[in-house]
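Numbered per mature numbering (1 follows the signal peptide of the UniProt record, and there is no 0), the sequence shown spans residues -24 to -1, 1 to 213.
From the three backbone atoms N, C-alpha and C, an ideal C-beta is built for every residue, glycine too.
Below is one structure, written out as structure tokens, with a few remarks after it.
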Amino acid sequence: MINAIKKTTCVLAVLAATSTAVMAESIDVKVIGTITPTACKPTLGGGGTIDYGNIAPASLSNTTFTVLGEKQVDFSITCDAPAKVAIHAVGSKADTATDVTKSTAGDYDIFAGTLFGTPALGVAGLGASDGKNIGGYGIRLVPGTYTVDGNNADTITRSAITGVWVPSANLGAGSLFSTIYKELQISWAPKGTLTPMAFTTVAGKLGVQAYITKTSELDLSKPINLDGLTSLELVYL
């Protein structure tokens, strides 16, 4: 009888232990997160608009193009952590630029006159009015105005295809529209070097200079709206 009681007790103990395991609850521990790349933001003064206002027809030539004054705005790039960044400019309506010679090497055609005090720069177009192309404009990073994290720096240039950095002075006037390079990129380097540097803030001036084709090509009996547009793309190096 004693043996029978012991066996029963053992069975009850096993049943009780099994019942406790079934009733236990669990909770998951998740380990999550995101490794985010450094983010940089470009900013242009004046909301990115270069406004030539009202242009008097009498101030324009009837026989040749008229170059308007250069306009400059503040331009900066701010990053949330040090990053190596370049700029690539994409000028829309490049095919509407007037008074140009076709470039066989670069992305932009060659202006017949002088912009930023420099001849033969690349230009994009100002659109058309009644099917007549209006003119064009150049765009540049104004040399000598840029600081990187508060220190003076050089601007350097390369074709994204060749990948070889050269001084931006080789292009003349700091132009963003190249007549000799495909997919031009411009970045910043410590003074006297050609290696892009990481930064959190770069700041300086961006210049634009427009020109109007000879007015004999245009209908001046009604308003003509200049309509140039360039996108400044950031390229992480």
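Environment of residue i [buried if 16+ CB atoms lie within 10 Å]
| i | result |
| --- | --- |
| Tyr212 | exposed |
| Thr206 | buried |
| Ile11 | exposed |
| Asp56 | exposed |
| Ser2 | exposed |
| Val76 | buried |
| Ile137 | exposed |
| Thr133 | buried |
| Ile188 | buried |
| Ile63 | buried |
| Asp71 | exposed |
| Gly67 | buried |
| Lys196 | It should be pointed out that residue 196 corresponds to Leu in this sequence rather than to Lys. It counts as exposed. |
| Ala65 | buried |
| Ser163 | buried |
| Gly180 | buried |
Beta-carbon proximity of residue i to residue j, cut-off 8 angstroms
| i | j | result |
| --- | --- | --- |
| Asn30 | Lys190 | no |
| Ala59 | Thr14 | yes |
| Gln185 | Tyr113 | yes |
| Ile86 | Gly98 | yes |
| Phe92 | Gly21 | no |
| Val124 | Val178 | yes |
| Tyr28 | Leu147 | no |
| Leu152 | Val61 | no |
| Leu194 | Ile110 | yes |
| Gly103 | Lys69 | yes |
| Gly168 | Leu117 | no |
| Thr155 | Gly82 | yes |
Beta-bridge partners of residue i, as assigned by DSSP
| i | result |
| --- | --- |
| Glu209 | His64 |
| Asp50 | Lys181 |
| Leu59 | Looking at the sequence shown, residue 59 is not Leu but Ala. Its beta-bridge partners are Phe175. |
| Pro95 | Thr90 |
| Ser105 | Lys108 |
| Tyr113 | Ala100 and Ala186 |
| Thr77 | Ile86 |
| Ser135 | Leu160 |
DSSP state of residue i mapped onto helix, strand, coil
| i | result |
| --- | --- |
| Asp130 | strand |
| Thr72 | helix |
| Ser192 | helix |
| Leu170 | coil |
| Tyr187 | strand |
| Pro119 | coil |
| Thr(-5) | In this predicted model, Thr(-5) has a pLDDT of only 47, less than 50, meaning its place in the structure is not dependable; the value taken from the coordinates is given anyway. Of the three classes helix, strand and coil, the one that applies to Thr(-5) here is helix, per DSSP. |
| Lys(-18) | Unreliable placement is indicated for Lys(-18), whose pLDDT of 37 sits below 50; no coordinate value is reported for it. |
3 or more residues per run - each beta strand (DSSP E) lying fully within the segment 4 to 45: 16 to 20
Minimum length 3: unbroken beta strand (DSSP E) runs contained in the segment 138 to 166: 160 to 166
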